[in-house]
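**Student:** Residue 228 is where the sequence shown ends in my numbering, and the numbering goes up by one at each step.
Sending over a structure as structure tokens; questions will come in a sec.
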Amino acid sequence: MRFAIFSDIHSNLEALEAVLKDIKGQRITHLFCLGDIVGYAANPSECVEVIRDLECYAIRGNHDEMCIEDHPDMEGYNDMARKGLEYSRKHLSREQKNYLRDLPYSGMFPEYTFVHSCLHHPQSWIYVLSYREAALHFKEQTTAASFCGHTHFPIIFEDGDKLRAYPGITRMELAKDKRYLINVGSVGQPRDGDNRACYGIYEPESRIFEFRRIPYEIEKAQRKIIAAGLPELLAARLKAAM
Ligand code: ZN
């Protein structure tokens, strides 16, 4: 088995297509989408269609959830996020919204758990950025490894004799006697200073997890954001990866 695990596409079709093209050459047996298919960029409807066609295992992100309702409470979302959500909501069909509505908050696939944000109250969308949140998450984790997205920051948390974090790591063999939370980064809006699309490959047999960084047509995605009347900052952010 070889898993490809990706998250936080955020309506960036160029990044999604580049990642899927890379996945084609990776002998992948299972595909997992960890949510936030929509929001921010210019192609929410197209990205939902691509994911639906993949028939991959998918779970719900907070931006997906915000597009299900016609008038959700957008408190806590900044202006950029609100504009992206309003745009997504306007461009998604009823059927596509129903698809997003059916996505679960988390899922288990024999020995692995998948969640968008954090297993501690998944519907609260906690950002696991420090040991404090990682500890809350591990309290709920019953499998040896789990995978998440949400922060757009690729990182591995290890729960052994003590908690450890591995930001910036590109490849890791998971120890048999420890537990892991792996944030697979973001396909469509990386925020770790590397503007290439990010996703992960995990091979249960060798226990090796690997981050992959894929260049894509950033300028094309930026032009579409501007043409759609979305905030220019959303376009600038793709290049800056912050
Ligand atoms: Zn996101």
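By construction, the Cβ of each residue, glycine as well, lies at the ideal position given by its N, Cα and C atoms.
Note that this is a predicted model, so its numbers are computed, not measured.
(1) Indicate the three-state DSSP secondary structure (helix, strand or coil) for F(-11) in the structure shown.
(2) Could you pull out every residue in the same chain whose Cβ sits closer than 8 Å to the Cβ of A151, ignoring the five residues on either side in sequence?
(3) Where does D(-6) sit, in a helix, a strand or coil, going by DSSP?
(4) Evaluate the contact criterion for the segment 76 to 84 versus the segment 99 to 116: three or more CB pairs, one atom per stretch, below 8 Å.
(5) Could you say if the segment 56 to 66 and the segment 38 to 47 meet the contact criterion of at least three C-beta pairs nearer than 8 Å?
(6) Considering only C-alpha positions, which residue in the set F195, A226, F95 and F197 is nearest to Q208?
(7) Drop a sphere of 10 angstroms on the beta-carbon of D147, count the other beta-carbons inside from all chains shown, and report buried for 16 or more, exposed for fewer.
(8) Taking a cut-off of 5 Å, which residues have a beta-carbon closer than that to any heavy atom of the ligand SAH, in chain order?
(9) Residues in its own chain within less than 6 Å of G70 by CB, not counting five upstream and five downstream?
(10) Among P96, L160, P108 and H136, whose alpha-carbon lies nearest the alpha-carbon of T129?
(11) Looking at the strands, I want to know which residues DSSP matches up with C19.
(12) Can you give me the start and stop residues for the alpha helix (DSSP H) that D8 sits inside?
(13) Beta-carbon within less than 6 Å of I(-5)'s beta-carbon, same chain only, minus the 5 sequence neighbours each way: which residues are those?
(14) Skipping 5 residues on each side, what residues in its chain have a beta carbon closer than 8 Å to that of C53?
(15) Compare the C-alpha of F(-11) against each of E126, S132, C104 and N48 and name the closest.
(16) Let me know if T137 comes out buried or exposed under the rule of 16 or more other beta-carbons within 10 Å of its beta-carbon.
(17) Measuring CA to CA, which of G215, A44 and T15 is closest to V101?
(18) Hey, how far is the Cα of A222 from the Cα of I211?
(19) Would you list the one or two residues that DSSP bridges to T129?
**Tutor:** Checking against the coordinates, here is how it stands:
(1) strand
(2) Y117, A120, I141, I142, F143 and E144
(3) Coil, per DSSP.
(4) No, they do not touch.
(5) no
(6) For Q208, the nearest C-alpha among the options comes from A226.
(7) exposed
(8) Absence of the ligand SAH is noted for the structure shown, with the ligand ZN being the only ligands found.
(9) G25 and Y26
(10) P96
(11) F(-8) and A44
(12) L(-1) to K10
(13) L2, I23, C33, V173 and G174
(14) So the list reads V24, G25, P30, L71, S74, R75, L78, K83 and L86, once near-sequence residues are dropped.
(15) S132
(16) Taking every protein chain shown into account, the CB of T137 has 16 or more other CB atoms within 10 angstroms, so this residue is buried.
(17) A44
(18) 10 Å
(19) DSSP, once it has assigned bridges, lists no residue as partnering T129.
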